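Everything below concerns the one structure shown next.
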Amino acid sequence: MNLKRFLGFGILFTALFGVSQLFAWMNLFNNEVYFDGQAVETLLYLLSGLHLIHIVAGLIFMIALFINSLTRLSDPVEKLIYFTNPFEKMKLSLLHAFWVFMDVSWFVILGTFIVMFLV
């Protein structure tokens, strides 16, 4: 089923992003960039930390939907009920809107860091 595949890939790539964020923080620590009250470092850690918290929250929601889809989409009757239920459609729409927002905010954060670096 496409939904299970998309959710599975989403979970995988989200987890990889979270791990890459942790590696980036370790790299910052190794280069002696600390959360020590300097404006640039504070902004860097604050924005990336808040973004990571939102990513983890979305990941938990996506895992819950993935587990729900594993149990309900194997039966044809349950599949029909799942995709015609307005509440289930709303959950999928909210998940989609959340990840679009996260993608846009990530590009804004990245653009902010690039501009800060160039200035």
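Quick note on numbering: the sequence shown equals residues 3 to 121 in my numbering. Ideal Cβ positions, reconstructed from N, Cα and C, are used throughout, including at glycine. What you are looking at is a predicted structure, and each value in this text was computed from that prediction instead of being measured.
Within the region 71-99, the runs of alpha helix (DSSP H) at least 4 residues long that lie entirely inside it are, in chain order, 78-86. Annotated three-state conformation of Asp-105 is helix, per DSSP. Judged by their CB atoms, Gly-60 and Met-104 are nearer to each other than the 8 Å cut-off.
Relative to Leu-48, the option among Ala-66, Val-117, Thr-86, Ile-111 whose CA is nearest is Ile-111. If you compare the alpha carbons of Leu-97, Leu-18, Leu-46, Val-79 with that of Leu-30, the shortest gap goes to Leu-46. Rounded to the nearest whole angstrom, the C-alpha separation of His-56 and Pro-88 is 25 Å. Annotated as distal: Leu-9 and Met-92, with beta-carbon spacing of 8 Å or more.
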